[in-house]
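A.B. asks: Using our numbering, you'd call the opening residue of the sequence shown number 1 and step up by one each time.
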Amino acid sequence: MPTCIVCLETLKNPAALPCGHVFCYDCVIRLIRSVTPYTPDHHCPTCKQLYTISCADPNLVPHHLKHHVTPSVRKLHLEYSTPIPAKMPVTTAECGRLLAENASLRTCSLVWRKRAAVHATATMAFVGLARLARDYGMKMKKERDEFEQKYNELKKLYDERLSVHDRLRIAL
């Protein structure tokens, strides 16, 4: 089905510009009205060809030329249909083969669905185990940092006492 490049939907009430490009009539009118300040000259959204929307007064056009004067935006009537695929004769053997293939595909689908569920369960178990390991590692790191801090405090205290003890020994 033909689509309008302005609204990207199926053509509704199609209209053609002088260049031959087709759009929804409402889309063309909306484009024309969106130009400010008003001007009678517009450009095709596809090919940028200039067209004029001013119309000549039909009373001023000679009778023998009236059929040559057409509006710039012409409404169209398009008939289109979707192609119908050619029908192939279906035999009972073919139906039986297709039914068997369908049953086989359903069985395979069920097997793969069960495997996916088992895989998801295993994956979630590993994710849970990884979280526990991470939490335990964080706890161990915290304990190590606390022990290191206590060790540094005790070492500082020991060095201070050792230096005081050495000063006393030198003084005696």
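Beta carbons: idealized from backbone N, C-alpha and C, even for Gly.
Which of the three DSSP states, helix, strand or coil, is assigned to L129?
C.D. replies: Counting from one through the sequence shown, the residue named residue 129 turns up at place 129. DSSP places L129 in helix when its eight states are reduced to three.
A.B. asks: Take C44 and list the residues in its own chain whose beta-carbon comes closer than 6 Å to its own, dropping the five residues that flank it on each side.
C.D. replies: Indexing the sequence shown from 1 puts residue 44 at position 44. Result list for C44: L17, C19, H21, in chain order.
A.B. asks: Do the CB positions of V6 and A15 come within less than 8 Å of each other?
C.D. replies: Position 6 of the sequence shown, counting from 1, holds the residue named residue 6. Position 15 of the sequence shown, counting from 1, holds the residue named residue 15. Their beta carbons are not under 8 Å apart, which means V6 does not touch A15 by this criterion.
A.B. asks: Measuring alpha carbon to alpha carbon, tell me which residue in E101, P40, T121 is nearest S72.
C.D. replies: Along the sequence shown, read from residue 1 onward, the residue named residue 72 stands at position 72. Taking only the C-alpha atoms, the option nearest S72 is P40.
A.B. asks: Measure the CB-CB distance between K75 and N13 and report whether it falls below 8 Å.
C.D. replies: The count along the sequence shown starts at 1 and reaches residue 75 at position 75. The count along the sequence shown starts at 1 and reaches residue 13 at position 13. Yes. Within cutoff.
A.B. asks: What would DSSP say about K141, mapped onto helix, strand or coil?
C.D. replies: Residue 141 sits at position 141 when you count from the first residue of the sequence shown. Helix, per DSSP.
A.B. asks: Mind checking C4: buried by the 16 CB within 10 Å criterion, or exposed?
C.D. replies: Taking the sequence shown and counting its residues from 1, the one referred to as residue 4 is at position 4. With 16 or more Cβ atoms within 10 Å of its Cβ, C4 is classed as buried.
A.B. asks: So, with DSSP's three-state summary, where would you put T91?
C.D. replies: Numbered from its first residue, the sequence shown carries residue 91 at position 91. Three-state result, T91: coil.
A.B. asks: Looking only at DSSP bridge pairs, what is H42 linked to?
C.D. replies: Position 42 of the sequence shown, counted from the first residue, corresponds to residue 42. The partner list for H42 (beta bridge, DSSP) reads Y51.
A.B. asks: Helix, strand or coil for E24? Go by DSSP, reduced to three states.
C.D. replies: Translated into positions along the sequence shown, residue 24 becomes position 24. The question names Glu, yet the displayed sequence has Cys at residue 24. Three-state DSSP puts C24 in a strand.
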